[in-house]
Structures are given as C-alpha cells and as structure tokens.
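Here's the structure we're looking at; comments come further down.
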Amino acid sequence: MRTLIIAAALALSAISAQAAEPIEGKWKTASGATAEIAPCGGSFCVTLRSGKHNGKQIGKMAGSGDSYSGEITDPDNDKTYSGSGTVSGNSLKMKGCVLAVLCKSQTWTRL
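FYI, the numbering for the sequence shown is -19 to -1, 1 to 92, going by mature numbering (1 follows the signal peptide of the UniProt record, and there is no 0).
Written out as structure tokens, the structure is:
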C-alpha cells in the first residue's frame, strides 16, 4: 500500500511538472504583437493575432514540458528558420537559426 501511494505521488508530480510549463496560450512578442500558440495536428501552431500580420501562421513546434522545436517564419520577410522555444514561467524564449550557427532569439511574455 505504501509503495502504491509513493508511486501515485511521483506520477502526479511528474504530470504537474510537465503541465507547469505549457507553451499553449497567448504571448506578447518582442514586436508587441499578440501570438497564439495552439494545438494543430500533433504539434503546436504559432499564429499572430494582432499587428500588421494578424492571422498569419508563423511557426509550428513540437515538444512537451518546457522544450519545443520546429520552424519559425519571420513575418516581415517570409523567411523560415529552424526554431526552438523554451518556456520558463511566463516567459518564452524563441530562437531561430540558419545552419544552426547564425541564430537570433527573443523573449515573449505570456498574456
């Protein structure tokens, strides 16, 4: 019985740890626009919900917990980069790279 209780507590803490850093939601980008990250297929789509590119999908990320990877498009020049996102509380550090060497990052804030 004691083993069952300990196993259940560990399982709940693992679920809580994964749920503590969800990428889903609305985020304020570095440019001040609002981006919404929502499930689409087996990934998460990043769609702008305000600003001059309102309604444009700018990324698709896969992952769980606090670490995600996929593609990010710069809406100003329509160039697509290998991307990654790391969630930490109410911050999302987005990073886009060309050839995994030339990288640019910005931090978004949860709304």
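For glycine and all other residues, C-beta sits at the position ideal for the given N, C-alpha and C.
Shown here for H34: same chain residues with a beta carbon closer than 6 Å to its own, the five before and five after excluded, namely P56 in chain order.
Beta-bridge partners assigned by DSSP to K60: D55.
According to the DSSP secondary-structure assignment, R91 is paired through a beta bridge with W8. Looking at G64, C26, S72, the one whose alpha-carbon comes closest to that of L80 is G64. In the structure shown, the three-state DSSP call for V68 is strand.
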